[in-house]
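Undergrad:
4 protein chains.
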Amino acid sequence: MINTQDESPAHQLKLERVGIKNLKTLIKINRNNKEYRHIPKINIFMDLNEDKKGVHMSRFIESITEILEDEVRDYHKSLEQIGKHILEKLKIKHSYVSAEIEFESEIPTQELTPVSKKDTIEIHDIKVRLKNNNGSWTKILEVSVVGNTACPHALAVNKKGTHIQRAVGKLKIETDFNNDIDLEDMIEAVNSSFSSKVFTLLKTDDESFVVDKMHDNPLFVEDVCRNILSLASLKFKKSKICAECLSYESIHRHDVFAEGVVET
Amino acid sequence: MINTQDESPAHQLKLERVGIKNLKTLIKINRNNKEYRHIPKINIFMDLNEDKKGVHMSRFIESITEILEDEVRDYHKSLEQIGKHILEKLKIKHSYVSAEIEFESEIPTQELTPVSKKDTIEIHDIKVRLKNNNGSWTKILEVSVVGNTACPHALAVNKKGTHIQRAVGKLKIETDFNNDIDLEDMIEAVNSSFSSKVFTLLKTDDESFVVDKMHDNPLFVEDVCRNILSLASLKFKKSKICAECLSYESIHRHDVFAEGVVET
Amino acid sequence: MINTQDESPAHQLKLERVGIKNLKTLIKINRNNKEYRHIPKINIFMDLNEDKKGVHMSRFIESITEILEDEVRDYHKSLEQIGKHILEKLKIKHSYVSAEIEFESEIPTQELTPVSKKDTIEIHDIKVRLKNNNGSWTKILEVSVVGNTACPHALAVNKKGTHIQRAVGKLKIETDFNNDIDLEDMIEAVNSSFSSKVFTLLKTDDESFVVDKMHDNPLFVEDVCRNILSLASLKFKKSKICAECLSYESIHRHDVFAEGVVET
Amino acid sequence: MINTQDESPAHQLKLERVGIKNLKTLIKINRNNKEYRHIPKINIFMDLNEDKKGVHMSRFIESITEILEDEVRDYHKSLEQIGKHILEKLKIKHSYVSAEIEFESEIPTQELTPVSKKDTIEIHDIKVRLKNNNGSWTKILEVSVVGNTACPHALAVNKKGTHIQRAVGKLKIETDFNNDIDLEDMIEAVNSSFSSKVFTLLKTDDESFVVDKMHDNPLFVEDVCRNILSLASLKFKKSKICAECLSYESIHRHDVFAEGVVET
Numbered sequence: 008m009i010n011t012q013d014e015s016p017a018h019q020l021k022l023e024r025v026g027i028k029n030l031k032t033l034i035k036i037n038r039n040n041k042e043y044r045h046i047p048k049i050n051i052f053m054d055l056n057e058d059k060k061g062v063h064m065s066r067f068i069e070s071i072t073e074i075l076e077d078e079v080r081d082y083h084k085s086l087e088q089i090g091k092h093i094l095e096k097l098k099i100k101h102s103y104v105s106a107e108i109e110f111e112s113e114i115p116t117q118e119l120t121p122v123s124k125k126d127t128i129e130i131h132d133i134k135v136r137l138k139n140n141n142g143s144w145t146k147i148l149e150v151s152v153v154g155n156t157a158c159p160h161a162l163a164v165n166k167k168g169t170h171i172q173r174a175v176g177k178l179k180i181e182t183d184f185n186n187d188i189d190l191e192d193m194i195e196a197v198n199s200s201f202s203s204k205v206f207t208l209l210k211t212d213d214e215s216f217v218v219d220k221m222h223d224n225p226l227f228v229e230d231v232c233r234n235i236l237s238l239a240s241l242k243f244k245k246s247k248i249c250a251e252c253l254s255y256e257s258i259h260r261h262d263v264f265a266e267g268v269v270e271t
Numbered sequence: 008m009i010n011t012q013d014e015s016p017a018h019q020l021k022l023e024r025v026g027i028k029n030l031k032t033l034i035k036i037n038r039n040n041k042e043y044r045h046i047p048k049i050n051i052f053m054d055l056n057e058d059k060k061g062v063h064m065s066r067f068i069e070s071i072t073e074i075l076e077d078e079v080r081d082y083h084k085s086l087e088q089i090g091k092h093i094l095e096k097l098k099i100k101h102s103y104v105s106a107e108i109e110f111e112s113e114i115p116t117q118e119l120t121p122v123s124k125k126d127t128i129e130i131h132d133i134k135v136r137l138k139n140n141n142g143s144w145t146k147i148l149e150v151s152v153v154g155n156t157a158c159p160h161a162l163a164v165n166k167k168g169t170h171i172q173r174a175v176g177k178l179k180i181e182t183d184f185n186n187d188i189d190l191e192d193m194i195e196a197v198n199s200s201f202s203s204k205v206f207t208l209l210k211t212d213d214e215s216f217v218v219d220k221m222h223d224n225p226l227f228v229e230d231v232c233r234n235i236l237s238l239a240s241l242k243f244k245k246s247k248i249c250a251e252c253l254s255y256e257s258i259h260r261h262d263v264f265a266e267g268v269v270e271t
Numbered sequence: 008m009i010n011t012q013d014e015s016p017a018h019q020l021k022l023e024r025v026g027i028k029n030l031k032t033l034i035k036i037n038r039n040n041k042e043y044r045h046i047p048k049i050n051i052f053m054d055l056n057e058d059k060k061g062v063h064m065s066r067f068i069e070s071i072t073e074i075l076e077d078e079v080r081d082y083h084k085s086l087e088q089i090g091k092h093i094l095e096k097l098k099i100k101h102s103y104v105s106a107e108i109e110f111e112s113e114i115p116t117q118e119l120t121p122v123s124k125k126d127t128i129e130i131h132d133i134k135v136r137l138k139n140n141n142g143s144w145t146k147i148l149e150v151s152v153v154g155n156t157a158c159p160h161a162l163a164v165n166k167k168g169t170h171i172q173r174a175v176g177k178l179k180i181e182t183d184f185n186n187d188i189d190l191e192d193m194i195e196a197v198n199s200s201f202s203s204k205v206f207t208l209l210k211t212d213d214e215s216f217v218v219d220k221m222h223d224n225p226l227f228v229e230d231v232c233r234n235i236l237s238l239a240s241l242k243f244k245k246s247k248i249c250a251e252c253l254s255y256e257s258i259h260r261h262d263v264f265a266e267g268v269v270e271t
Numbered sequence: 008m009i010n011t012q013d014e015s016p017a018h019q020l021k022l023e024r025v026g027i028k029n030l031k032t033l034i035k036i037n038r039n040n041k042e043y044r045h046i047p048k049i050n051i052f053m054d055l056n057e058d059k060k061g062v063h064m065s066r067f068i069e070s071i072t073e074i075l076e077d078e079v080r081d082y083h084k085s086l087e088q089i090g091k092h093i094l095e096k097l098k099i100k101h102s103y104v105s106a107e108i109e110f111e112s113e114i115p116t117q118e119l120t121p122v123s124k125k126d127t128i129e130i131h132d133i134k135v136r137l138k139n140n141n142g143s144w145t146k147i148l149e150v151s152v153v154g155n156t157a158c159p160h161a162l163a164v165n166k167k168g169t170h171i172q173r174a175v176g177k178l179k180i181e182t183d184f185n186n187d188i189d190l191e192d193m194i195e196a197v198n199s200s201f202s203s204k205v206f207t208l209l210k211t212d213d214e215s216f217v218v219d220k221m222h223d224n225p226l227f228v229e230d231v232c233r234n235i236l237s238l239a240s241l242k243f244k245k246s247k248i249c250a251e252c253l254s255y256e257s258i259h260r261h262d263v264f265a266e267g268v269v270e271t
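Chains as they are written, first to last, in this note's numbering: chain Y, 8 to 271; chain A, 8 to 271; chain E, 8 to 271; chain S, 8 to 271.
1) Quick one, which residues of the region 113-125 of chain E are near chain Y if we go by CB-CB under 9 Å, in chain order?
2) So A:G154 contacts chain E; which residues on that side make the cut at Cβ distance below 8 Å?
3) For chain S, is any of its Cβ atoms less than 8 Å away from the one on A:K220?
4) Could you tell me which of A:H170, A:Q172 and A:F110 sits nearest to A:V150, measuring between CA atoms?
5) Could you name the residues of chain E that A:R44 contacts, counting a contact when the two beta carbons are closer than 7 Å?
6) Alpha carbon to alpha carbon, what distance is there between S:R260 and E:L226?
7) For Y:Q19, count the other beta carbons within 10 Å of its own beta carbon; 16 or more makes it buried, fewer makes it exposed. Which is it?
8) Flag A:S3 as yes if its beta-carbon sits less than 8 Å from any beta-carbon of chain S, otherwise no.
9) Is S:Q172 close to chain Y, meaning its C-beta is less than 8 Å from at least one C-beta of that chain?
10) What is the rounded straight-line gap between the Cα of Y:V175 and the Cα of E:N29?
11) Once DSSP output is grouped into helix, strand and coil, what is the label at S:E57?
12) Just mark S:K146 as buried or exposed, buried being the case when its beta carbon has 16 or more other beta carbons within 10 Å.
13) Any idea what DSSP makes of E:H83, helix, strand or coil?
14) Identify each residue in the region 206-233 of chain A for which the Cβ-Cβ distance to at least one residue of chain S is less than 7 Å, and report them in chain order.
15) Thinking just about the alpha-carbon of each residue, which of S:R38, S:I114, S:P159 and S:V197 is nearest to the one in S:A239?
16) Per DSSP, what kind of secondary structure is S:V122 in: helix, strand or coil?
17) Taking C-alpha atoms, which residue in S:N186, S:E214, S:T211 and S:S237 lies nearest to S:E195?
18) Identify the continuous alpha helix (DSSP H) that holds E:H222 and give its terminal residues.
19) Along the beta strand (DSSP E) that carries E:K254, what are the first and last residues, could you check?
20) Using 8 Å as the limit for Cβ to Cβ distance, is Y:S65 near chain E?
21) Spell out whether any CB of chain A is found under 8 Å from the CB atom of S:E69.
22) Looking at the secondary structure, which residues open and close the beta strand (DSSP E) in which A:A157 lies?
23) Taking three-plus beta-carbon pairs below 8 Å as touching, is the region 243-262 of chain S in contact with the region 36-43 of chain Y?
24) Taking only three categories from DSSP, how would you classify A:L94?
25) From S:T72, S:K245, S:H83 and S:T211, pick the residue whose C-alpha is nearest to that of A:K125; which is it?
26) Excluding the five sequence neighbours on either side, which residues of its own chain have a C-beta within less than 6 Å of the C-beta of S:V268, listed in chain order?
27) Distance, Cα to Cα, A:N50 vs Y:E229?
28) Ends of the beta strand (DSSP E) at S:A265?
29) To the nearest angstrom, how far is it from the Cα of S:V62 to the Cα of S:V25?
30) Counting only C-beta atoms, is Y:T32 closer than 8 Å to chain E at any point?
31) Shorter than 8 Å from the beta carbon of Y:R136 to some beta carbon of chain S?
Take a look at the structure:
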């Protein structure tokens, strides 16, 4: 039995993260009595001692596969729960000091259009990341939500109106594994921080509502970013909260950006 | 000497396009007394007879390399001129019925801000494509330019204003190789078709000018697309003209789109 | 009631395609007793007469939303079936001569590893496109599958081995709406056309099997492309079949490419 | 004169980074008597106090524009030198505690093919980032270079050969502004760390050389990563050195990855 991975490397240097990127698989979740089906992009890494040439990559895949199969009869509770089980399984197969797993996916939310009150489904990008460092667990949840900014400075100086544009808001929360946080609550915090929410379906009255809302609530990217930080710090305790807003300026080729961090 | 490429293939089927994608190299152009330096992404293909297993890929690269070296002392005249020389060189090295080459790059234009009259440099995506079919040459030039749309319907129905967003306009011209067309003229045609031009630099007075311009000139993506078609068909004769506009809606997560074609 | 869309445009030009790009929503399919859940990227377009300023974009969304809701109790039969219903619904809401809809998504397939015979789930990119032109329906199905190429020329001239690399194969089939074709059969045709299939999970014996397979079955991109064309033309009748192979060369920075078309 | 930016924000929170993303412009460099022309993507940020509603975005652009114009007669010395001048100019226009600027671009290197000794131009991705924190300057230089890995484990266990694939190596160096480091030396360090260098042009003898080299020098991503760390730590002193290798596995759909850090 040849185990090239266990040989001594040419340069005896510890590596921080070794593993797999961009693996895709099918995962079924049942969270809060709602069923989610993900085809996430998965990254999974561990550290590697200076005396080993390589990790056994197939053990990463086996850890993922076995956890997904074991639990397939009843659906999984959450991506972070699966992630924890995978890293625990990996620990048995392959010793490490630190390891992490990341899932990149999308979730739908059900919304009502603002005036006509019709059902509309909105899709949001999410990331769920779980780290084990020397036995202690940290999770990092992230959502990206589309909205808009209406420039308050241009509104103040021009009679005819202002410039308005699509923007993307992000909220990232780093917290203890056991601190229960819903991605939908995070999405709602970002959604409420823009000049207006956006909707896939908008009847004429809804569209007027959104246009008026943007003019009544003009915001810089800095304002959106602070709104997210403020709402999130009320809602999510014992967390490191990071917020971003990127705005696809309608008067420029470039984007404008704001980022802030608070701890609760 | 083993020439696997010239062997008979398992399935004797003609192939339409065989060659290289995403090759990058450095190209220097001197066009209209202005110097351009490109690091384009290059695609180059030819057809392949049913009786040959493969093309000789290195002859594509040699054709590119030799043309770029031969002409390096004086700068090249244009990307389409280099492309023609490369496909002519390839024809000597490797027989074909049809072949094509495509360059994907960017060019800067020098603009003046609308009120403060300051110099500003704007960067635009371009594609230059050249096809040889049985000895006859066609070139296809394409530019992508950033601008904006202000919705005329929302402006008509709302008192407070309208929704505005970043948009991208495209103009593609297919014409005879000898029909001299400047990419800068194509960029100008797209630039003039939006609710307003956008600028990298905008002082407060310039910004007000752009905001007013957008409100005075509200346009659907359909309008922008027709504006491009109309301007381009006045300027560029004996051509197949294709125009597109894609708008990153500020009130939706999705984009809206229009595309049209005219022949001159 | 103001209907800016129905006004006369500044330039009276017909437009080929007007509509929506990059809309995302949730779709549930039950095909061949297997349940699929998609969050596809959707594009939907129709033509626009020269005498109308714009289309009514919200009618596109309503057509999508109503079809998805109407049929939500029992799952949908296929993406092309939903697409047809959406375009039929759109025809009632908004007259057109030609219209099309495209879904971009992913599907999982269940495979067995080649030696250890373990279950493994593989994810593949798909596109389903449906066109209505003057009442007649065409569908275009497309799959993208990851595999590899081992260079037969280098294998013939070198004692130590050859160069090997990841490759992507594509199969696109344009056919009548009623010609029943399974995306899984298309995936299988591409999968069988590489030097070897690839797998997410590979135990040591499986890995050796794949490495040997690649050396026993060296192929150019041209060979892979012709293999796909040949397999597909046996399986899929009354179709226009287009195949591609792109190889991420391990000895170059650039990619090599082959594309062919046959009609059955 | 209305200065909305200087008003008090709704939520008095400090922001870490506010500014501009994805701005493109034209920059001419003359470094080591070689002329480079970049159309970089530029990001530029500063911190923002809790008592100001927003930054003055146009001052970022003016700082960039004025520096590029001031120095246009003689070419610029390096991207990091321009970056420093821009951040110094910005400090005069707009007070900050910390600020940073990042340039994302490409540079060509001139290589000789290994056997036929022909000239070949290779293009590499680079990033140059400069940070000012309370008056002290840090620069972060990054290069991404394409190469390959040949699996040593598969080579050891199989008679027919191994699996080989394209890989990308990264080297990131964080150091004092005055520590002179050439991007070309960084590229060379990564280039020498793969199973073999890759070349755009390869004649048959060159190709055989590369194929043999890969089989004589089989490496895991971990090996490539440690090779980069080892070469870089010999060459670049007083630096924090980060290396990565990502390999597009030819036997899998997913990628494998290694990352390490050393300080010199």
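Even for Gly, the Cβ is constructed at its ideal location relative to N, Cα and C.
The structure displayed is predicted, hence computed values, not measured ones.
TA: On the basis of the coordinates in this document:
1) Answer set for the region 113-125 of chain E: E113, I114, P115 and K125.
2) Those within 8 Å of A:G154 in chain E number zero; the least Cβ separation is about 16 Å.
3) No, A:K220 lies away from the interface with chain S (no Cβ there is under 8 Å from its Cβ).
4) Ranking the options by Cα distance to A:V150, first place goes to A:F110.
5) Taking the beta carbon of A:R44 as reference, no residue of chain E falls within 7 Å; the closest one sits roughly 19 Å away.
6) Roughly 19 Å separates the two Cα atoms.
7) It is exposed - the Cβ of Y:Q19 has fewer than 16 other Cβ atoms within 10 Å.
8) Nothing can be reported for residue 3 of chain A: it is not among the residues displayed for chain A, which extend from 8 to 271.
9) Not an interface residue.
10) About 15 Å.
11) Coil.
12) With 16 or more other Cβ atoms within 10 Å, it is buried.
13) It is a strand residue.
14) Taking 7 Å as the cut-off between beta carbons, the residues of the region 206-233 of chain A near chain S are T207, L208, L209 and K210, in sequence order.
15) Looking at the Cα atoms, S:V197 is the closest of the given residues.
16) Coil.
17) Considering only alpha carbons, the answer is S:S237.
18) Run containing E:H222: T211 to D223, per the alpha helix (DSSP H) assignment.
19) Residue 254 of chain E is actually Ser in this sequence, not Lys. Counting along the chain, the beta strand (DSSP E) containing E:S254 begins and ends at S246 to S254.
20) True, the Cβ-Cβ gap to chain E drops below 8 Å.
21) It does: the Cβ of S:E69 has a partner Cβ on chain A nearer than 8 Å.
22) For A:A157, the enclosing beta strand (DSSP E) stretches over residues S143 to A157.
23) Because the criterion of three Cβ pairs below 8 Å is not met, the region 243-262 of chain S and the region 36-43 of chain Y do not touch.
24) Looking at A:L94 - three-state DSSP - the assignment turns out to be helix.
25) Of all alpha-carbon atoms in S:T72, S:K245, S:H83 and S:T211, the one lying nearest the alpha-carbon of A:K125 is that of S:T72.
26) Answer for S:V268: C249, listed in chain order.
27) Taking the straight line joining both Cα atoms gives about 42 Å.
28) For S:A265, the enclosing beta strand (DSSP E) covers residues D262 to E270.
29) Going from the Cα of S:V62 to the Cα of S:V25 covers about 7 Å.
30) Judged by the 8 Å Cβ criterion, Y:T32 is in contact with chain E.
31) Y:R136 has a beta carbon lying at 8 Å or more from every beta carbon in chain S.
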